[in-house]
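**Student:** Chains A and B, in that order, are what the protein sequence lines are. Numbering of the first sequence is given in my numbering, commencing with residue 680 and proceeding in unit increments. Numbering of the second sequence is given in my numbering, commencing with residue 680 and proceeding in unit increments. Ideal Cβ placement from N, Cα and C applies to all residues, glycine included.
There are 2 protein chains.
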Amino acid sequence: MKFTRAYSSSLNGAIPAAKAKYVPVSGTYPIGFTASGILVGVKAGNTTKPDLALVTSDRPCSAAAVFTKNKFQAAPVTFSRKVLESRANAGLRSVIVNSGCANAVTGIGGLEDASEMARTTDQRVGVPDSTIVMSTGVIGQRLPIRKIIDHIPVAYHKAGGSHRHWLDCARAICTTDTFPKLMSRSFALPSSPGIEYRIAGMTKGAGMLAPNMATLLTILATDAPIAPAIMTPLLKHAVDRSFNSITVDGDTSTNDTVALLANGAAGGRELSSPDQSADYEAFQDTLTSFATDLAKYIVRDGEGATKFVTIRVVDAASELSARAIARAIALSPLVKTALYGKDANWGRILCAAGYSLISPPGQPVNDVPEIVPERTNVSFVPTDGSQELKLLVDGEPEEVDEERASEILEAEDLEILVKLGTGDKSTVHYTCDFSHDYVTINGDYRT
Amino acid sequence: MKFTRAYSSSLNGAIPAAKAKYVPVSGTYPIGFTASGILVGVKAGNTTKPDLALVTSDRPCSAAAVFTKNKFQAAPVTFSRKVLESRANAGLRSVIVNSGCANAVTGIGGLEDASEMARTTDQRVGVPDSTIVMSTGVIGQRLPIRKIIDHIPVAYHKAGGSHRHWLDCARAICTTDTFPKLMSRSFALPSSPGIEYRIAGMTKGAGMLAPNMATLLTILATDAPIAPAIMTPLLKHAVDRSFNSITVDGDTSTNDTVALLANGAAGGRELSSPDQSADYEAFQDTLTSFATDLAKYIVRDGEGATKFVTIRVVDAASELSARAIARAIALSPLVKTALYGKDANWGRILCAAGYSLISPPGQPVNDVPEIVPERTNVSFVPTDGSQELKLLVDGEPEEVDEERASEILEAEDLEILVKLGTGDKSTVHYTCDFSHDYVTINGDYRT
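(1) So, at 7 Å on beta carbons, what are the nonlocal neighbours of residue 767 of chain A in its own chain, with the 5 sequence-adjacent residues on each side left out?
(2) Look up residue 1001 of chain A in the DSSP assignment and say whether it is helix, strand or coil.
(3) So, for residue 784 of chain A: in the same chain, excluding its five sequence neighbours on each side, which residues have a beta-carbon less than 8 Å away from its beta-carbon?
(4) Which partner residues does residue 1107 of chain A have in the DSSP bridge list?
(5) Quick check on this structure: which residue in B:1011, B:857, B:878, B:917 has the alpha carbon closest to the alpha carbon of residue 980 of chain B?
(6) To be precise: take each residue of the region 742-753 of chain A, compare its Cβ to all Cβ atoms of chain B, and keep it if any distance is under 7 Å. Which residues remain?
(7) Closest by CA to residue 1097 of chain A, which one among A:1085, A:772, A:1030, A:1064?
(8) Please state the DSSP three-state secondary structure of residue 1048 of chain A.
(9) Pick out the complete alpha helix (DSSP H) segments inside the region 759-846 of chain B, 4 residues or longer, and give them in chain order.
(10) Are the C-beta atoms of residue 1089 of chain B and some chain A residue less than 8 Å apart?
(11) Using the rule of at least 16 other Cβ atoms within 10 Å of the residue's Cβ for burial, across every protein chain shown, is residue 956 of chain B buried or exposed?
(12) Measuring only the C-alpha atoms, how far is residue 893 of chain A from residue 853 of chain A?
(13) Run through DSSP, which three-state label would residue 1056 of chain A get?
(14) Does the beta carbon of residue 763 of chain A come closer than 8 Å to any beta carbon on chain B?
(15) Which residues in the same chain have their Cβ closer than 7 Å to the Cβ of residue 1117 of chain A, if we skip the five residues on either side of it in sequence?
(16) Over the uninterrupted beta strand (DSSP E) stretch that includes residue 1070 of chain A, give me the two end residues.
(17) Could you tell me which chain B residues have their CB closer than 8 Å to the CB of residue 1121 of chain A, listed as they occur along the chain?
(18) Would you list, in chain order, the members of the region 1043-1074 of chain B that have their beta-carbon closer than 9 Å to a beta-carbon of chain A?
(19) Tell me which residues of the region 989-1012 of chain B have at least one Cβ-Cβ distance to chain A shorter than 9 Å, keeping chain order.
(20) Thinking residue 839 of chain B and residue 715 of chain B are a contact (beta carbons under 8 Å), I'd like their distance in whole angstroms, please.
(21) Does chain A have any CB closer than 8 Å to the CB of residue 933 of chain B?
(22) For chain A, is any of its Cβ atoms less than 8 Å away from the one on residue 1100 of chain B?
(23) Can you tell me the Cα-Cα spacing of residue 745 of chain A and residue 910 of chain A, whole angstroms?
(24) Figure out for me which residue from B:883, B:869, B:925, B:939 has the closest Cα to the Cα of residue 901 of chain B.
(25) From the DSSP output, which residues share a beta bridge with residue 948 of chain A?
(26) Does DSSP put residue 640 of chain B in a helix, in a strand, or in coil?
(27) If you follow the alpha helix (DSSP H) that residue 972 of chain A is in, where does it begin and where does it stop?
(28) Go to residue 1015 of chain B, then tell me how far its beta strand (DSSP E) extends in each direction, as first and last residue.
(29) I want to see whether chain B comes within less than 8 Å of residue 1110 of chain A, judged by CB atoms only; does it?
(30) In three-state DSSP terms, what is residue 719 of chain B?
(31) Name the chain B residues whose beta carbon is nearer than 8 Å to that of residue 1118 of chain A?
(32) In angstroms, rounded to a whole number, what distance separates the CA positions of residue 846 of chain B and residue 1069 of chain A?
(33) Assuming the contact rule is C-beta atoms closer than 8 Å, residue 990 of chain B and residue 1003 of chain B should be a hit. Round their C-beta distance to whole Å, please.
(34) Residues in the region 770-798 of chain B with C-beta within 9 Å of chain A's C-beta atoms, listed in sequence order?
(35) Buried or exposed, going by whether 16 or more other CB atoms sit within 10 Å of the CB of residue 832 of chain A?
(36) Going by beta-carbon coordinates alone, are residue 871 of chain A and residue 947 of chain A separated by less than 8 Å?
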């Protein structure tokens, strides 16, 4: 069994040929922001991969963040939440990130480390309490904090606005990722058609919790002018439909953080209320689709993944039930291994849907009116535009053309379409398959 | 990658050396019951493994069954539930089981097939509406019903009460299992100390839903006299603490069924009410511990499993929360692969506990008072009686002796002990690890 990725080595070697197309060779980055990624050696064995990342703005930003719901919240999560609260989402300047150690379950000392990372960044920028902190890596170990603190000034001085700077930064937040995940895009808002706004973002995370090191981290930065008060609802809406609609293995880490910064450097009228409906909707759509595209990269780089699978659940009684069904299918080890084996095993898909909403053992049986077997339809939808392959029609199994099924399952991309026939709500979820390499990466990590 | 088990071949070859010790060479079986297991060839390729099983009693039985909560219930589940309801748990005689095809998602035709299996058995026994039906195997395919019907008389005539008969029967219900799972035991009830009662049981299931074939099936038979009215609460209590406290991969099948038959052939006072507290408690305890030991065999034979892991959650605020936490740890692919890799990665255990009770994406954050990080303790408890290895003490990570950790993780059996410090409730859950072989078995099945 070949060991295909290991922390601090995966991004040293070449990016896998199949993934190179996802790494941009240029970009359009938001005005007023600079970025850097430098080598600290947070993990003793890391002597080549950048592991300290800084994104900073030359002027105050509105900012918001969505954090993990895990009950064991890492120190940087606790710290950053407080900073945003105390600042009421206004006047933020920087995000400082280390990979290689999650600073999670590290007690009071860990909280002091997170605070010191922020304070040191604040001093460079000259604005107290203006830094968000993120960490990703092993749980339960303290940061080599002196090393990190000593390098923060270097990160600050090296920061710049070029594509290379942003890409270094995106590399520095990676752990078991096989490619850096960076995107940038321009957009306009209806009320200022003459102004070009930009949004850039980077993300990491190959398992929801990766081998010995944790976390999905995302930084989004835009030069559009957005008022602090509406940052959180805008970000939550986008995250629910993007980063909260993907799964690799279903493990929700202690450090997950998605942060959005808006510095208004491009000018124009400030977006300050949902009542500015045209601008609000336009920005909401831009942010949501940008976040969704970025989130898909994580699935593409899922640990050991060989498939990119879209699970679309439609005609559902509620969005929440549609999401629960999609998630159950996405997380089922039997569905995931069947996809890896290119096996049109729709029984497993149905089986996962069938247990998605039932009460747990020890509780009374619930009725689950959201699923009516006789109204359920399941199809494979090829992404090449060719005809869907019906597997189950109104609860009755189809005679499946195995040759056609194999053809569809050969492709890297696949959509599983589930029609429930019990309402008009829908959801989309993105996931990957479950391969031998997943077990290798997560089981043989130390060997 | 060696393909180590495949339906209809795994039980033809030798039982793996490490598992042979779990197969009894003799037994004490309940009076009045006979059993058989014969070859039908439900799967066309199966020419050697028995795949039709019958357990029948020469006198009426009280009976109860616990069925899957999966919303897509297989035909034999729907059928058997109705039989038990119409009979009010009294006067049952037989259980007829086929492996090789689950008769699930097979519409009206499938229901007729299940009914015909029961009717044919009833005719042999001479008592209408007295048969429970179970099936396990591929979902979405119709049974080769004529073949099965034609063989039921043979199964009836071959039935006997010897150890060999019961073992053949236990083999016939297997699918990807690598060994048949059969147990028998004698017990007494306080009110009739002079009477020896017997209980026998068989179970199958290597994934909660195994490759292309579904299901956990269990038949329990006793010659103790138990009134129909109390069969269901007795069985539910036992199942909650046994079959509902194990997981292999977390996929709840469309066919899961645990049935209990009591024919009273050993005589003595009928147990008819929980008010007969000494007898009731004694039988409840016997049944529960018997079912738990039988359930453990399923974990021992988990697809690809190399470890048997007990997860004990104690000092919990409620039993339900303890169960949810144990289950989350047991199902986490990252915990399971770490165990496979013999990696003392307690951060993953903590991480799983930390997300076990949180609200799903799209719902507001809930408080989860059941978990207080500063009160949480995690240890590895070796099963050889040597000292536990503390990993987390009151939320603070311990300096872990990696050598000692490796020593503990080398053993096949391991207990993970989680102390929550928020109450006095507890639970025990049994699970296995996640290996390359699991992916092979479930991913490469058709290749």
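**Tutor:** In brief:
(1) 907
(2) helix
(3) 751, 753, 818, 819, 933
(4) The partner list for residue 1107 of chain A (beta bridge, DSSP) reads A:991.
(5) B:857
(6) Of all residues in the region 742-753 of chain A, those with a C-beta nearer than 7 Å to a C-beta of chain B are 748, 749, 750, 751, reading in chain order.
(7) A:1030
(8) coil
(9) Listed in chain order, they are 786-804, 824-837.
(10) no
(11) exposed
(12) Model confidence at residue 893 of chain A stands at a pLDDT of 45, short of 50, so the residue's coordinates are unreliable; what they give is reported in the following sentence. Their Cα atoms are separated by approximately 11 Å.
(13) Of the three classes helix, strand and coil, the one that applies to residue 1056 of chain A here is strand, per DSSP.
(14) no
(15) 982, 983
(16) 1068-1072
(17) 1012, 1013, 1016, 1017, 1020
(18) 1044, 1045, 1047, 1049, 1050, 1051, 1052, 1053, 1055, 1070, 1071, 1074
(19) 998, 999, 1002, 1003, 1006, 1010, 1011, 1012
(20) 7 Å
(21) yes
(22) no
(23) 11 Å
(24) Measuring from the Cα of residue 901 of chain B, the nearest candidate turns out to be B:939.
(25) Its beta-bridge partners do not exist; DSSP assigns none.
(26) Any answer about residue 640 of chain B is impossible in this case: the structure gives chain B only from 680 up to 1126.
(27) 956-979
(28) That residue, residue 1015 of chain B, is in no beta strand (DSSP E); its alpha helix (DSSP H) goes 1012-1019.
(29) no
(30) Correct three-state label for residue 719 of chain B: coil.
(31) 1016, 1019, 1113, 1114, 1115, 1117, 1118
(32) 42 Å
(33) Incorrect: roughly 12 Å between the Cβ atoms, too far for contact.
(34) 781, 783, 784, 785, 786
(35) exposed
(36) yes
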